[in-house]
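Engineer: One structure, as structure tokens, below. Some questions next.
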Amino acid sequence: MDMAQYRISPDGTLNGDEPSIDPDTLRRMYEWMVLGRYFDQKASNLSTLRELGTYTPCRGQEGAQIGFISPLQKNDWFVPMYRDSAAMLAWGYPLLQLLQYWGGDERGMRGPEDVNMLPIAVPVATQLPHAAGLAVAKNFQKESSIVLTSTGDGGTSKGDFHEALNFAGVFHLPIIFAVENNQWAISLKRQRQTASKTIAQKATAYGFDGILVDGNDVIACYEVTKYAVERARRGMGPMLIEFYTYRMGPHTTAELVSNKLKSPEELSEWEKKDPIVRFEKYLLNKGIIDAPYKQSVASSIAAKIEDAVRAFRSIHPPPPTDMFQYMYDACSGTCMIPQPPSCWRRCVRASVEPPRKTRAPASSRRSQAAGPRST
78 MDMAQYRISP DGTLNGDEPS IDPDTLRRMY EWMVLGRYFD QKASNLSTLR
128 ELGTYTPCRG QEGAQIGFIS PLQKNDWFVP MYRDSAAMLA WGYPLLQLLQ
178 YWGGDERGMR GPEDVNMLPI AVPVATQLPH AAGLAVAKNF QKESSIVLTS
228 TGDGGTSKGD FHEALNFAGV FHLPIIFAVE NNQWAISLKR QRQTASKTIA
278 QKATAYGFDG ILVDGNDVIA CYEVTKYAVE RARRGMGPML IEFYTYRMGP
328 HTTAELVSNK LKSPEELSEW EKKDPIVRFE KYLLNKGIID APYKQSVASS
378 IAAKIEDAVR AFRSIHPPPP TDMFQYMYDA CSGTCMIPQP PSCWRRCVRA
428 SVEPPRKTRA PASSRRSQAA GPRST
């Protein structure tokens, strides 16, 4: 990672000039990072208790996610991958609905009208062509908004990655591709993912620039993304940013063994680069935050998450018949969906039950028993 852009060292000292970010924005970024970490811990615990389904932890990647989401404007669009809880919450997605989604309730992805975000796409990297298409729409509409989409290092091996970047380069789209290189794609290490020295350099093949940045340095991530966003907004086309970071937890809560493949030494080294601790040290050194402020933020966010969990537990689950909501255009021709439950039971049963077998005539049964005649 010697070539990666960085601004804050792990001990909190600044590299170069002071960032052009006002203290209020720096504090807000810190609060979003803490919110992402606390939500991640709570969601992981709820998944272990089976109150949520499988969950994808983002611990360790908060610096990259808050760094790339913060420079966006409200009219821009975010197309996330499934591990982007911190970024989604910072972008304005409600805690309650994110819990609903991970709880298996599709209503959780019916986001607020004023939050420009596409739903989570679980199949790896399939959101990238969607994001490219969205950027085409912004061009057609002659809007100044841009699109930022994210994936992991594993996503760069998918055909969707190639198709999206190729399309973006050919049509000079206002889109930023954020690759959260967390060193592991489930159980596959980054070194086995690609022979390229960096993922950022892959952008060259598609006719635009790529930048490698220290993904655990939120200020560096912010500055690099802001540069890319401003270029795209001026009509200068797409950019690929590789956020060099680390997934501290397992791939998902259903694959805890994936974390056991990491050596204790590797985990220990990355713990020292924790993006929140790193940012805290810088903010404390500069007097932008203090110990009482830290405690206040932690208490406030913990209470907010507990409120969301209580609200989630009180929501009445969707009816089981919702599974048929988008499966049948019509129920056996007798009625159109959606219908009241009584009609659902009758019509769905008629739609899915196989036709009853009828007994063949006796003469036919004797003929079948005799078998085919030779001629």
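Heads up: the sequence shown begins at 78 in our numbering, then just goes up one per residue.
Even glycine gets a Cβ: it sits at the ideal position worked out from N, Cα and C.
The model shown is predicted, which means the values in this text are computed figures rather than measured ones.
1) Using a Cβ-Cβ distance under 8 Å, would Met194 count as near chain C?
2) Compute the minimum distance between the beta carbon of Phe244 and the heavy atoms of the ligand PLP, and state whether it is under 7 Å.
3) Does the separation of the CB atoms of Leu175 and Trp109 fall below 8 Å?
4) Please list, in chain order, all residues of the same chain as Gly89 whose beta carbon is under 6 Å from its beta carbon, the five residues on each side excluded.
5) Any chance the stretch 113 to 120 sits against the stretch 172 to 191, with 3 or more Cβ pairs inside 8 Å?
6) DSSP on Thr233, reduced to helix/strand/coil?
7) Using three-state DSSP, classify Thr302 as helix, strand or coil.
8) Where does the unbroken alpha helix (DSSP H) through Met404 begin, and where does it stop?
9) How far does the beta strand (DSSP E) with Asn258 in it reach, from first residue to last?
10) Measure the C-alpha to C-alpha separation of Glu307 and Gln138 and round it to an integer number of angstroms.
11) Can you list, in chain order, the residues of its chain whose CB lies under 7 Å from that of Tyr132, leaving out five sequence neighbours each side?
12) By Cβ distance below 6 Å, which residues in the same chain neighbour Ala212 in space, the five residues on each side in sequence not counted?
13) Taking Ser345 as the reference, give the member of Met325, Val354, Leu333 with the closest Cα.
14) Residue ranges of each alpha helix (DSSP H) run of no fewer than 4 residues wholly in the stretch 349 to 375, ordered along the chain?
15) Going by C-alpha distance, which of Gly292, Gly284, Phe244, Ala241 is nearest Lys260?
16) Taking the CB atoms as reference points, tell me whether Thr275 and Leu289 lie closer together than 8 Å.
Structural biologist: Let's see:
1) In the structure shown, chain C cannot be found, because there is only a single protein chain.
2) Judged by which ligands are present, the structure shown has none, so any question about the ligand PLP falls away.
3) no
4) Lys358, Tyr359, Asn362
5) yes
6) helix
7) helix
8) Premise fails: Met404 is in no alpha helix (DSSP H) and is neither H nor E.
9) 252 to 258
10) 24 Å
11) Ala120, Ser121, Ser124, Trp179, Thr329, Thr330
12) Val224, Leu250, Pro251, Ile252
13) Met325
14) 352 to 362
15) Per the sequence shown, the amino acid found at residue 260 is Gln instead of Lys. If we check each option's Cα against that of Gln260, Gly292 comes out closest.
16) yes
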